[in-house]
Amino acid sequence: MSYENLNNRTAVITGAASGMGEATALLLARNGARVALLARRADRLETLVAKIEAEGGTALAVPVDVTDPASVRAAAERVHTTFGPVDLVVNAAGVMLPNPIADGREDEWVRMIDTNITGALRVIRAFVPDLLAAADAGRTADLVDISSIGAHVNFPNYAVYGATKAALTQLSASLRTELGPRRVRVTNIEPGLTATELGSHIDNAELSSGLDGMFAYLDALSADDIADLIAYTTSRARHVNLRQVIVLPTQQA
196 MSYENLNNRT AVITGAASGM GEATALLLAR NGARVALLAR RADRLETLVA
246 KIEAEGGTAL AVPVDVTDPA SVRAAAERVH TTFGPVDLVV NAAGVMLPNP
296 IADGREDEWV RMIDTNITGA LRVIRAFVPD LLAAADAGRT ADLVDISSIG
346 AHVNFPNYAV YGATKAALTQ LSASLRTELG PRRVRVTNIE PGLTATELGS
396 HIDNAELSSG LDGMFAYLDA LSADDIADLI AYTTSRARHV NLRQVIVLPT
446 QQA
């Protein structure tokens, strides 16, 4: 599919070192967008920049830890220095660390909250002024938050992860009331089972095995499927906002 309206746009993508973020960066760049790649793993970002540039695209590697306010501020400054203001932001950074709540894994709770909610808020704070300025100038402006089906479908032992994604879904809905009237589109995407590195972070053997079983049974979504959805959503006519997209493998209930 061609996404002509992405040409000459400037995008910031968090979580760009792998999975949905990486796939989205590649697809947006292939369709003419300048892409700022934000993630912790600098080596992965440089490899992705090289791939994008080899295909004729424009990309910038920006190592960042979204749990660190100073790191996000520095990343925003570098993006602005190199590319100027942005008009498309994709919050794809996230971490999934399920465990029974009775285990009391506060370290995991804090990491998920700091990445999935507060990290997204820091990125929004850094770039929403750009989005508003783009909209005021008559250009298309998009904020895309990647949540999860776990925001409203309950899975045992995923309580804190689900809570962080429910918060992100609610944040997106609330931001539409602030930004929508000013012509900034806000889209919340809730994928179901998707093949990415997210599950590799799980340190609970039983839960990891259970997730592997789901992949064995279901024909899961790919990161490219989500990237395609993001590119489609952000390339619609400026007055069209796909505000909430739930995307599941056909076999997933």
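If you count the sequence shown from 1, you need to add 195 to reach the numbering used here. Using N, Cα and C, we set each Cβ at its ideal position, and we do this for glycine too.
**Study point:** Helix, strand or coil at Pro386 according to DSSP, with G and I counted as helix
**Key:** Pro386 sits in a strand when the DSSP states are folded into three classes.
Check your understanding: How far does the beta strand (DSSP E) with Gln447 in it reach, from first residue to last?
Key -> Run containing Gln447: none; DSSP gives neither H nor E here.
Review point. In the structure shown, what three-state DSSP assignment does Ile247 receive?
Key: Per DSSP, reduced to three states, the secondary structure at Ile247 is helical.
Review point. Is Leu491 near Asn311, with beta carbons less than 8 Å apart?
Key: The requested residue 491 does not occur in the structure, where the chain is confined to residues 196 to 448.
Check your understanding: From Asn226 to Ser197, what distance separates their C-alpha atoms?
Key -> Their Cα atoms are separated by approximately 7 Å.
Review point. Along the chain, where does the beta strand (DSSP E) that runs through Arg364 open and close?
Key: It is worth fixing the name first, because residue 364 is Thr in this sequence and not Arg. It is not in any beta strand (DSSP E) - Thr364 instead sits in the alpha helix (DSSP H) that spans Ala354 to Leu374.
Review point. Just checking, does the region 248–261 make contact with the region 217–237 on the three C-beta pairs under 8 Å criterion?
Key: The region 248–261 makes contact with the region 217–237; the number of CB pairs closer than 8 Å reaches 3 or more.
**Study point:** Beta-carbon proximity list for Ser213, same chain, < 6 Å, skipping 5 on both sides
**Key:** Closer than 6 Å at Cβ, skipping near neighbours: Glu392.
**Study point:** Per-residue burial, Tyr353 [other beta carbons within 10 Å of its own, 16 or more giving buried]
**Key:** Tyr353 should be labelled buried.
**Study point:** Inter-residue CB distance, Asn294 and Glu301 (contact presumed, cutoff 8 Å)
**Key:** That pair is no contact at about 11 Å.
Exercise for review: Kindly indicate which three-state DSSP category Asp419 falls into: helix, strand or coil?
Suggested key: Reduced to three states, the DSSP call for Asp419 is helix.
**Study point:** DSSP three-state assignment for Val152, whether helix, strand or coil
**Key:** Shown here, the chain extends from 196 to 448; a query on residue 152 therefore has no answer.
**Study point:** Local Cβ density within 10 Å of Tyr412, reported as buried at 16 or more and exposed below that
**Key:** Tyr412 should be labelled exposed.
Point to revise | Arg236 versus His396 - alpha carbon distance | key: When rounded, the distance between both Cα atoms is 15 Å.
Check your understanding: Does DSSP classify Leu437 as helix, strand or coil?
Key -> Judged by DSSP in its simplified three-state form, Leu437 adopts coil rather than helix or strand.
Check your understanding: In its own chain, which residues sit with a C-beta less than 6 Å from the C-beta of Pro258, not counting the 5 before and 5 after it?
Key -> Closer than 6 Å at the Cβ level, and outside the excluded window around Pro258, lie Ala237.
Review point. Would you say Thr359 touches the ligand COA, meaning its beta carbon is less than 7 Å from a heavy atom?
Key: For the ligand COA, the structure offers nothing, since it holds no ligand at all.
Check your understanding: Ordered along the chain, which non-local residues of its own chain (more than five positions away) have a Cβ less than 8 Å from that of Ala390?
Key -> Correct list, in chain order: Phe410, Ala415, Leu416, Ser417 and Ala418.
Review point. From Glu385 to Ile425, what does the alpha carbon distance come to, in whole angstroms?
Key: Spanning the two alpha carbons is a distance of roughly 11 Å.
Check your understanding: What's the C-alpha gap between Leu443 and Met215?
Key -> Leu443 and Met215 have their C-alpha atoms spaced approximately 15 Å apart.
Practice item. Note down the Cα distance separating Val261 from Ala321, rounded to an integer number of angstroms. Key: Counting only the Cα atoms, Ala321 lies some 11 Å from Val261.
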